[in-house]
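One structure is given here, and the rest of the page talks about it.
Chains as they are written, first to last, in our numbering: chain Y, 95 to 195; chain C, 19 to 185.
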């Protein structure tokens, strides 16, 4: 690995920031979900880079678990979005302002 | 500039541009396709970091399963176009400035702590392969692995309950 670890961490920080901005400025709830996936991915990149640097395989195992949790989150989240769409006919987050179904 | 460094900067450019494309594309389908490109690029980063198992899991789980689910739901709902302005005019500039502050903070920490990071070392050829991952996963992390299966079962039941028709 001739690329310094700091470059990978910097790239991970940039991708995480783009994801966080996506959560803040987009109004489409599906795109907000995608931005959350991007943030998880940026964190995974930092995990793998540190695991490579410290030669600790546990970092890669953690990435494996994060991927599982991301899959779970997407399955439940998209089911929620579909249910909300069926009642409100919209997936705009500005419309989701009442707890009543 | 070694070839690996050139490859890193090329891939980093692709990753950042595809992430920005996801952020700014008005059509949700395009956003999903940009995100697939980004995930593929990150998978190549994992290969460069000698994590082949994680790289292939990334391609199959993220770029494959999760993004197909996204595309399926977008097309099912017909919700690809949402060009509406935010409710308050100050939300977008505030979000952009907060994002820039977050980025500057993170990069400042990385640059100032650069000396404390460990230098890149050499690893054995077996590092990161399925054998090495499997041995750690099924010995040291067996309980978390089994708990993961319960989590997946709960998610499956939850998705079925949420999407069944109301009677």
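Every residue, glycine too, gets a C-beta built ideally from N, C-alpha and C.
Q) Of all Cβ atoms in chain C, is any one closer than 8 Å to the Cβ of residue 137/Y? A) Put simply, the CB of residue 137/Y is far from chain C, with every gap to its CB atoms at 8 Å or more.
(Q) Relative to the C-alpha of residue 170/C, which candidate in 116/Y, 164/Y, 121/Y and 139/Y has its C-alpha closest? (A) 164/Y
**Q.** Rounded C-alpha distance that separates residue 109/Y from residue 133/Y
**A.** 7 Å
**Q.** Residue environment, residue 114/C, which counts as buried when at least 16 other CB atoms sit within 10 Å
**A.** exposed
Q) Going by the CB atoms, is the gap between residue 124/Y and residue 175/Y shorter than 8 Å? A) yes
Q: Give the interface partners of residue 28/C over in chain Y, defined as CB-CB distance under 9 Å, in chain order.
A: By Cβ distance, chain Y contributes nothing, its closest Cβ being about 12 Å from residue 28/C, past 9 Å.
Q: Check distances from the C-beta atoms of the stretch 143-155 of chain Y to those of chain C and list, in chain order, the residues that come in under 8 Å.
A: 143, 145, 146, 147, 148, 149, 151, 152, 154 and 155
Q: Step through the CB atoms of chain Y and report whether any lies within less than 8 Å of the CB of residue 63/C.
A: yes
(Q) So if I threshold CB-CB distances at 7 Å, which residues from the stretch 177-194 of chain Y count as touching chain C? (A) 177, 179, 185, 186 and 188
Q. Any idea what DSSP makes of residue 191/Y, helix, strand or coil?
A. coil
**Q.** For residue 92/C and residue 47/C, the rounded distance between their alpha carbons
**A.** So the alpha carbons of these two residues sit roughly 7 Å apart.
Q. When you compare each of 49/C, 63/C and 50/C to residue 10/C by their alpha carbons, which one comes out closest?
A. Beyond the ends of chain C as shown, which are 19 and 185, falls residue 10/C; an answer cannot be given.
Q) residue 160/Y touches chain C at which residues, Cβ-Cβ below 9 Å? A) Going along chain C, no residue has its Cβ under 9 Å from residue 160/Y, so there is no contact; the nearest lies around 10 Å.
Q: Drop a sphere of 10 angstroms on the beta-carbon of residue 36/C, count the other beta-carbons inside from all chains shown, and report buried for 16 or more, exposed for fewer.
A: buried
Q. How far does the alpha helix (DSSP H) with residue 22/C in it reach, from first residue to last?
A. Residue 22/C -> alpha helix (DSSP H) spans 21-42.
**Q.** Among 105/Y, 157/Y and 172/Y, the one whose alpha carbon lies nearest that of residue 162/C
**A.** 157/Y
Q. Do you know whose CA, among 153/C, 52/C, 74/C and 22/C, lies nearest residue 39/C's CA?
A. 52/C
Q: Tell me where the alpha helix (DSSP H) around residue 117/C begins and ends.
A: 109-130
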